[in-house]
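Protein chains in written order, with UniProt numbering: chain A, 1 to 228; chain B, 1 to 228.
Protein chains: 2
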Amino acid sequence: MPTARERVRAELTTEIADAARRQLAEVGAAALSLRAVAREVGMASSAVYRYFPSRDDLLTRLIIDGYDAIGAAVEAADDTAAPPEERWSAVCSAVRDWARAHPHEYALLYGSPVPGYVAPRDTVPAASRVGIVLGRILGDAARAGRLTGDGGGREPGLLGDAAVEVLGQGHPAVDDAVRVRALLAWSALFGTVSFELFGQLVGSVEDGDRYFALVTAELARLVGFRPA
Amino acid sequence: MPTARERVRAELTTEIADAARRQLAEVGAAALSLRAVAREVGMASSAVYRYFPSRDDLLTRLIIDGYDAIGAAVEAADDTAAPPEERWSAVCSAVRDWARAHPHEYALLYGSPVPGYVAPRDTVPAASRVGIVLGRILGDAARAGRLTGDGGGREPGLLGDAAVEVLGQGHPAVDDAVRVRALLAWSALFGTVSFELFGQLVGSVEDGDRYFALVTAELARLVGFRPA
DNA sequence: ACTCGAACGAGAGCACCGCTCTCGTCGAGA
DNA sequence: TCTCGACGAGAGCGGTGCTCTCGTTCGAGT
Numbered sequence: 001m002p003t004a005r006e007r008v009r010a011e012l013t014t015e016i017a018d019a020a021r022r023q024l025a026e027v028g029a030a031a032l033s034l035r036a037v038a039r040e041v042g043m044a045s046s047a048v049y050r051y052f053p054s055r056d057d058l059l060t061r062l063i064i065d066g067y068d069a070i071g072a073a074v075e076a077a078d079d080t081a082a083p084p085e086e087r088w089s090a091v092c093s094a095v096r097d098w099a100r101a102h103p104h105e106y107a108l109l110y111g112s113p114v115p116g117y118v119a120p121r122d123t124v125p126a127a128s129r130v131g132i133v134l135g136r137i138l139g140d141a142a143r144a145g146r147l148t149g150d151g152g153g154r155e156p157g158l159l160g161d162a163a164v165e166v167l168g169q170g171h172p173a174v175d176d177a178v179r180v181r182a183l184l185a186w187s188a189l190f191g192t193v194s195f196e197l198f199g200q201l202v203g204s205v206e207d208g209d210r211y212f213a214l215v216t217a218e219l220a221r222l223v224g225f226r227p228a
Numbered sequence: 001m002p003t004a005r006e007r008v009r010a011e012l013t014t015e016i017a018d019a020a021r022r023q024l025a026e027v028g029a030a031a032l033s034l035r036a037v038a039r040e041v042g043m044a045s046s047a048v049y050r051y052f053p054s055r056d057d058l059l060t061r062l063i064i065d066g067y068d069a070i071g072a073a074v075e076a077a078d079d080t081a082a083p084p085e086e087r088w089s090a091v092c093s094a095v096r097d098w099a100r101a102h103p104h105e106y107a108l109l110y111g112s113p114v115p116g117y118v119a120p121r122d123t124v125p126a127a128s129r130v131g132i133v134l135g136r137i138l139g140d141a142a143r144a145g146r147l148t149g150d151g152g153g154r155e156p157g158l159l160g161d162a163a164v165e166v167l168g169q170g171h172p173a174v175d176d177a178v179r180v181r182a183l184l185a186w187s188a189l190f191g192t193v194s195f196e197l198f199g200q201l202v203g204s205v206e207d208g209d210r211y212f213a214l215v216t217a218e219l220a221r222l223v224g225f226r227p228a
């Protein structure tokens, strides 16, 4: 059971993180100032260091929270009773919607890493949640016979254990070629969202919604989902 | 003809930009310090402002130079005499190689935009070079009958004029569905490179070279290139 | 119940940053 | 030759991350 001191410490820690998240949403990660956060919560800047050893640690907290937030949004959007194609497009839309609602947080998660900053191991589980949802859709589709597989096999040394475990595990309809296509679809999804968010498609795409719908359908075809 | 004064001014401008590029390669964009650049070229920091009105203008110069550099690399890698599939994979590899050789520059170009920074119009032509090469490959393939098109048509309001002009123009084998797939392949290419560079694929992909080769082949299939 | 040490908040200070202003110099065109 | 603009240097302003020191306060062990 936590003592009173630990409780108020935890409260203050989340209060600082919340203020930091508000500032992140306003000015972005690179302009996030620990001193301004301290001002917002009414502390001396030096006092914040009792709770976060450095600005990078504060950012790490925001990164983990961000991965958890987009992971939760994606999980909530995945209706496991729906057919794979619909689940796939729902998950894609959830990613895009979350990114558009939280552009600075998205940039912090999937944009250029802050220079000199290396993600601690703590971020890995939270960061995996989106990929795990995709893997679950893939696995369910394979079990339901809704996945067009090559029926090939493993290509040793190509993929890591994490990818194999998440993507289909040992199901015969999911070989390494399918896994590569799934990773490609995942990368393409985030590439598309990033391009839209970072303005790389300005002048080329007029109707972002329609374009994105076509892209998700194309990616579903690539992964191998097929209608019942 | 430029006066001596203009000449030495231009020289000093590029010398500052070169020093900034060196520092960019070392510490990244967010940590790029105008004062440090000034120290490297042996000036007072205030003197640099005679050549670049602000740090953002210096970054803009680096961005334009970066787009030109990756554009030149891609153009050099495109052998117009080769079959479309080979040209496509060569261009993809050129993008990846340039990105791995200049990670901080790549992050500056295709990562999160520096907060508060909006790309001036000057950057657009340089930024378009890579896309133009892709469009040229697509158009050549269509003219040579090496492109599997839907034979559909335009979808008004979906794509911008820039995309239509660069991607296939009016060739019947290139309709808007093909253009969407080309844009998707373009986004997927940069999504893949970004994920590799920013560490999002750590643990999932062991052999980056083989994975990338498979990805480019898959994307070529997606775009519709077919062997002779 | 008391004590002692750890946790805490505040303040001053260091080195650095982007940027502005002023001032002396120097050189090219009128 | 004179003049005015371009130039470089320096000081300075407000901001940053981070450290150190100093009282205070609170809680756990005796």
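C-beta atoms are modelled at their ideal positions from N, C-alpha and C, and glycine is treated no differently.
Distance between residue j and residue i (C-alpha atoms, nearest Å)
i, j, result
"B:TYR67", "A:ALA10", "46 Å"
"A:ALA17", "A:ARG61", "7 Å"
"A:LEU108", "A:HIS102", "10 Å"
"B:ARG96", "A:ALA20", "35 Å"
"A:VAL37", "A:GLY111", "23 Å"
"A:GLY116", "A:GLY168", "Confidence is the limiting factor: at A:GLY116 the pLDDT is only 48, short of 50, which leaves the residue's position unreliable, though a coordinate-based value still follows. Cα-Cα distance, rounded: 35 Å."
"B:VAL174", "B:ALA163", "12 Å"
"B:ARG39", "B:ASP122", "28 Å"
"A:ALA220", "A:ASP150", "16 Å"
"A:LEU184", "A:TYR49", "41 Å"
"A:ARG100", "A:LEU197", "7 Å"
"A:ARG181", "B:TRP186", "16 Å"
"B:LEU158", "B:ALA177", "10 Å"
"A:LEU59", "B:ALA188", "28 Å"
"A:SER194", "B:PRO83", "31 Å"
"A:GLU105", "A:PRO113", "12 Å"
"B:ALA72", "A:ASP79", "46 Å"
"A:GLU165", "A:MET43", "46 Å"
"B:SER204", "A:ARG154", "14 Å"
"B:GLU75", "B:VAL91", "8 Å"
"A:VAL130", "B:ALA81", "42 Å"
"B:ALA30", "A:ALA29", "10 Å"
"B:GLY160", "B:ASP57", "28 Å"
"B:ALA217", "A:THR192", "19 Å"
"B:LEU138", "B:ALA47", "48 Å"
"B:ILE63", "B:VAL124", "10 Å"
"B:VAL202", "A:ILE132", "15 Å"
"A:GLU85", "B:HIS171", "32 Å"
Where residue i sits in the DSSP three-state scheme
i, result
"A:LEU189", "helix"
"B:LEU109", "helix"
"A:PHE225", "strand"
"A:VAL174", "coil"
"A:VAL202", "coil"
"A:GLY116", "A caution first: A:GLY116 carries a pLDDT of 48, below 50, which makes its placement in the model unreliable, though a value can still be read off. Coil at A:GLY116, not helix or strand."
"B:LEU214", "helix"
"B:ASP209", "helix"
"B:LEU147", "strand"
"A:GLU196", "helix"
"A:GLU75", "helix"
"B:LEU158", "coil"
"B:ALA81", "coil"
"A:LEU183", "helix"
Extent of the continuous alpha helix (DSSP H) run through residue i
i, result
"A:LEU134", "123 to 143"
"A:GLU85", "84 to 101"
"B:GLU165", "161 to 166"
Check: residue i C-beta below 7 Å from any heavy atom of the ligand ZN
i, result
"A:GLU26", "Ligands in the displayed structure: none, and consequently the ligand ZN is not present."
Secondary structure, beta strand (DSSP E): runs of 3+ residues fully inside the UniProt domain "HTH tetR-type" (10 to 70) of chain A: none
Taking three-plus beta-carbon pairs below 8 Å as touching, is the segment 22 to 29 of chain B in contact with the segment 205 to 225 of chain A? no
So, do the segment 141 to 151 of chain A and the segment 140 to 148 of chain B have three or more beta carbon pairs nearer to each other than 8 Å? no
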